[in-house]
Structures are given as structure tokens and as C-alpha cells.
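Numbering (numbering that gives the first Met the number 0), first residue to last: 0 to 288. Worksheet: the structure to be examined is printed underneath.
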Amino acid sequence: MNDRRIKWTILLIPTLTIGLWEYVRHAFLLPYMTMDLGNLLAPFIVLAVTLTLVRGLFARLESSQRALQRERSLSAALEERERLAGELHDGIAQSLFLLAVKLDKLDASPNEAARAATAGELRETVRDVHEDVRQAIARLRLPPEAADHGWVEPLRELLGETAALTEAKAEFRWDIPEDMLGAKEKVELHACLREALVNVRKHARAERVYVVGERTPDGGFRCAVADDGVGFAGDPLEAPGRFGLRMVRERAGRMGWTFRAACGDGLTVIELTKKGANADGRQVAGAAR
């Protein structure tokens, strides 16, 4: 018996009991029992039947609810482990891989000047790893409710940190409602935009940095990180050392989003677009303005 049937049975038992009692009383017991006595016995009979049958049904219902709760807890734990694994792989593990590549480059440096330049790159990578670890620990310390409902504020703070480190002006525009995104979408979107901002911090030398999140007419959304820095030549996904953008593209692909990296009109734009249910095949317009 499933939970729905158990609940209906619990609701119907008292009604059926009192109905059956009234039938038996009027059909068979009326010559032997006064009306007052029958009325007095009715609640005790309902109580006895309830204690006999309904308690067992309640126990089964509680057992089913506990099993469902255990299943939900296990599912949540697995999702959290998957999220942590993704963050470790996309952030710390990739930075450590890059660190190993630069150490090999240091060993192969032909002269002191080249070694000094590579050593500077190594120090910068170590600082990036330290920042990745610090932010991962900070996110772990947040209660789940804060991570879910206050997830936009860390983006604003990260934009502010990026602007402060690069001495750039920051602009944050966001009008995507909280309830428009699922929990997994928030996690993936935060990771993508964070990686794009880290990319600005490392490479752009920008004077202005923008983070934009807006709804699209078809019921989807568009998010972008844009800057007026040096940009890139050719395909940025093929440039050596640009692991971050490749990971953003992979994340977007797994979520069914459209990824775009473009330079034009003095802006470099990393953009993620999700088509809504009302999409009619037309391309959703693009870059941050």
C-alpha cells in the first residue's frame, strides 16, 4: 500500500466505523440498547478501532516517510559530492596542473631572465590556487539556504574584488528572479561566471568590467561577463593556458546552454544563453552593452 492509499484509509476508517456501528445498532441492538447508551459507546468504539487499525497505518506511513527522507538525504549528499568534485577539478586541479606545466618550463628555461619570468608566473599561479581554496572553503561554510537564496551576492562581491585588483570600474546588472533558476543551474552558472571573472583578472588589463544577467523574451536568460581590456586574437579556446574558458564551455554544454566568446566594439564578452520554452528558433541577441 502506497502513502496515498494509507492516508485515505486513515481518513476513512473513523467514518466507516461510526457508520457500521450505527447500522448494527439500529438493525440488531436497538431492542436491547437505549439511544443514550449507543451514543455513549460510539466514541469509545471509534477509539478502539482507531487504536487497533490506524496506529498500524500511521507506523507504516512514518516508516515510508523515513525511508523517503533517507533517500533524499542520500541524493543531496551525492549531489554535493558531485558539486565539490566539479569545483576541485575545475578550479584547484586545473591550477595545479598549470603549476606543474610551469615548473617543467622553469626547468627548461635557458637563462636567468627566462627563469625569473617563469618564477613570477609560478607565484601568480600559487596565488590563484590559494584564492580558489579560500573561496571553496568560504562556500562550504555557508548553510545550504544561504547558498541557494543568496547566491547572487557572491558574484557581486567577486566582481568588486576583480575590479579592485585590476583598478577597473565595475558594473553589475541583474534581473533574473531567484525562482527562475534551479539549484543546479545556480551552482553551474556561478562557477561559469566566476571563471570568466578570474579570466578577466588574469589576462584582460581592463578599465571597465561588467556582469549582466537578464531574462530573454522567449522565457530564458542571458548572462555575460564583459570587459574593455586587450581581448584576444583568434579562437580563445585554442589559446595555450586558457583552460578556464574551455571548462566554461564544457559546463554550458552539459547544462544545454549556448556559450559564446567574442571581441567587438571595444568589448570582450563571455556569454551564456539558455533558450526558454517560447523560443522560436531565432537567435537571442548578444553582447553586454
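Where is the CB? At the ideal position from N, CA and C, for every residue including glycine.
Residue i burial status per 10 Å Cβ neighbour count (16 or more: buried)
i: H148; result: Residue placement at H148 cannot be trusted, given a pLDDT of 46 that sits under 50; what the coordinates show is reported in the next sentence. Counting Cβ neighbours within 10 Å, H148 comes out exposed, since fewer than 16 surround it.
i: A99; result: exposed
i: E213; result: exposed
i: K168; result: exposed
i: E61; result: exposed
i: D226; result: buried
i: F43; result: exposed
i: V229; result: exposed
i: F57; result: exposed
i: A145; result: Residue placement at A145 is poorly supported in this model, since its pLDDT is 44, which falls under 50; the coordinates are not used for a value here.
i: E78; result: exposed
i: F258; result: buried
i: V23; result: exposed
i: L154; result: buried
i: W7; result: exposed
i: F27; result: exposed
i: Y299; result: An answer regarding residue 299 cannot be provided, because it is not within the stretch 0 to 288 covered by the chain.
i: A223; result: buried
DSSP-derived helix/strand/coil call for residue i
i: T272; result: strand
i: E21; result: helix
i: R200; result: helix
i: T329; result: The structure shown has nothing for residue 329, since the chain only spans 0 to 288.
i: D147; result: Note that D147 scores 48 on pLDDT, short of 50, meaning its location in the model is unreliable; the coordinates nonetheless yield the value given after this. D147 falls in the helix class under three-state DSSP.
i: W256; result: coil
i: A112; result: helix
i: E123; result: helix
i: G218; result: coil
i: A167; result: coil
i: V210; result: strand
i: A195; result: helix
i: D174; result: coil
i: V229; result: coil
i: A205; result: coil
i: A223; result: strand
i: L157; result: helix
i: A291; result: Shown here, the chain extends from 0 to 288; a query on residue 291 therefore has no answer.
i: A261; result: strand
i: G181; result: coil
i: D234; result: coil
i: A162; result: helix
i: A118; result: helix
Presumed contact (8 Å Cβ cut-off) between residue i and residue j, rounded CB distance
i: T51; j: P13; result: Incorrect: roughly 12 Å between the Cβ atoms, too far for contact.
i: G255; j: G218; result: So it is not a contact: roughly 14 Å between Cβ atoms.
i: G252; j: E194; result: Their Cβ separation, rounded to whole angstroms, is 14 Å, which puts G252 and E194 out of contact at 8 Å.
i: R114; j: L105; result: 6 Å
Chain C within 8 Å of residue i, Cβ atoms only
i: A66; result: The question asks about chain C, but that chain is absent: this structure has only one protein chain.
Self-check item: Ranges of the alpha helix (DSSP H) found wholly within the stretch 23 to 76, counting only runs of at least 4
Solution: 34 to 48
Quiz item: Between the stretch 152 to 172 and the stretch 204 to 218, do three or more beta carbon pairs fall short of 8 Å?
Solution: yes
Quiz item: Would you say the stretch 20 to 39 touches the stretch 56 to 71, given that touching needs at least three Cβ pairs under 8 Å?
Solution: The answer is no - the stretch 56 to 71 does not touch the stretch 20 to 39, with fewer than three Cβ pairs under 8 Å.
Quiz item: At a cut of 8 Å, does the stretch 183 to 195 reach the stretch 117 to 132 through at least three beta carbon pairs?
Solution: No: fewer than three Cβ pairs fall under 8 Å.
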